[in-house]
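Position in the sequence shown (from 1) plus 56 gives the number in the numbering used here. Below is one structure; the comments refer to it alone.
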Amino acid sequence: MREVSCYSCKSDNYFEWGAENGFKMVKCTNCGLLYVNPVPDEEEIDLAVKTGMHKGETVLNVVNSFSDQKINDYLEKLPLIYDKNSFGSTFSWLDIGCGYGEFIIALKSFAGGSGIYKGIEPNEIKKNFAVSKGLDVDFTDIKNFPDDHFDFVSMLNVYSHLPDPGIFFKEIRRILKKDGEILIQTGDAADLNRQDFPHTLYLPDHLSFASENIIRRLLENSGYSGISVRRFHNPGYPVMPAGLKIKKQLFEILRSIKRSDHKKRNYFINTDRDMWIRARKV
Ligand SMILES: [Zn+2]
């Protein structure tokens, strides 16, 4: 275990925000980042974790499976993130931590067949499944890709697993072509109180939870511009039927009374916390 500074602003000032599985999550008093501190040493060198593999998901213990619902969900979101002009006649796309390949399958359907798609996935079962679907997926260290190689690089549900996302963004920038784009999907959670967090923290598989401002600043400092953020309802919160916000608030109140923590919870929390962030290499 090793004490670390905030990767976002380098401050060492924090307070303890939460704890789980014997790990502490602290909140930076300067920029607000939530991060595991101290961290296990292995996190720095474990390539699987760096590319988004949950430690619980060992080769023999896969906790989820290929999901058609995920593909449908991506197909609903993609037209709200990109338009058809976003893609040239041919382009190359790398999806880091691609899992069973659902995002690549959705992309092929949305962006067309002129793209060349590659996925990186450390989990053997997921990787083999994706290959059996005809996808080009292996477990390559991104350090092995040449400079200026891809038009697009995506990382969905990877950010919170990274020991230092700024370093990772710079490495992705290296393998992107000029004007190439990164796509990051992660939750906006740094401002939450522990009791408003929608699920367990999964420490230390998750190493940090950021905010839009923190990620914007990291991207700018890593050589990106043209940053745009599209937000969606975070599935960790109850689904709110359109125009029925009050119903959702009542649900939350009843649920928290049942949990005997109604005095502490924030019932009016904005649940559009699923962030999809685009940025361009400059
Ligand atoms: Zn900070």
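Backbone N, C-alpha and C define an ideal beta-carbon position, used for all residues, glycine too.
Any non-hydrogen atom of ligand 1 within 6 Å of residue i CB
i      : result
LEU89  : yes
SER61  : no
ASP216 : Checking the sequence, you will find Ser at residue 216 rather than Asp. Incorrect: SER216 has no Cβ contact closer than 6 Å to ligand 1.
SER267 : no
CYS65  : yes
Limits of the unbroken alpha helix (DSSP H) element including residue i
i      : result
GLU180 : 180 to 188
ILE270 : 268 to 277
PHE225 : 221 to 231
Inter-residue spacing [alpha-carbon to alpha-carbon] between residue i and residue j
i      : j      : result
LEU116 : ASN141 : With a pLDDT of 37 at LEU116, under the threshold of 50, the modelled position of that residue is not reliable, and no figure is offered here.
ASP124 : ASP68  : 44 Å
ILE333 : SER284 : 6 Å
GLY279 : GLU132 : 30 Å
PRO260 : ASN249 : 18 Å
PHE169 : PHE143 : Correcting the residue identity first, residue 169 is Gly in this sequence and not Phe. Distance between the alpha carbons of GLY169 and PHE143 is about 11 Å.
ASP192 : ILE181 : 15 Å
TYR258 : ALA75  : 10 Å
ARG58  : SER165 : 45 Å
PHE265 : SER281 : 22 Å
CYS84  : ILE127 : 36 Å
ILE160 : ALA186 : 9 Å
ASP197 : PHE79  : 28 Å
PRO96  : SER145 : 45 Å
ASN213 : SER121 : 16 Å
ASN200 : TRP149 : 16 Å
LYS234 : ASP204 : 7 Å
ALA184 : MET211 : Reading off the sequence, residue 184 comes out as Asn, not Ala. Approximately 19 Å, taken between the alpha carbons.
LYS189 : TYR130 : 18 Å
ALA335 : TRP73  : 30 Å
DSSP-derived helix/strand/coil call for residue i
i      : result
ILE127 : helix
ASP252 : helix
TYR138 : coil
MET169 : Reading off the sequence shown, one finds Gly at residue 169, where the question assumed Met. Correct three-state label for GLY169: coil.
ARG329 : coil
LYS66  : coil
SER121 : coil
LEU150 : strand
SER216 : helix
GLU76  : strand
GLU237 : strand
PHE159 : helix
PHE195 : coil
PHE265 : strand
PHE307 : helix
Residue i Cβ short of 6 Å to ligand 2 heavy atom set
i     : result
ASN86 : Because ligand 2 does not appear in the structure shown, any question about it cannot be addressed here, the ligands present being ligand 1.
Test item: CB-CB of residue i and residue j under 7 Å
i      : j      : result
ARG229 : LYS337 : yes
THR242 : TYR293 : no
ILE137 : ARG286 : yes
ASN269 : ASP330 : no
ILE152 : ILE172 : no
TYR48  : VAL82  : Since the first residue shown for the chain is 57 and the last is 338, residue 48 is missing from the structure and cannot be characterised.
LEU89  : SER64  : yes
LEU218 : PHE224 : yes
PHE206 : GLU237 : no
Element boundaries [beta strand (DSSP E), containing residue i]
i      : result
TYR91  : 90 to 92
ARG287 : 280 to 288
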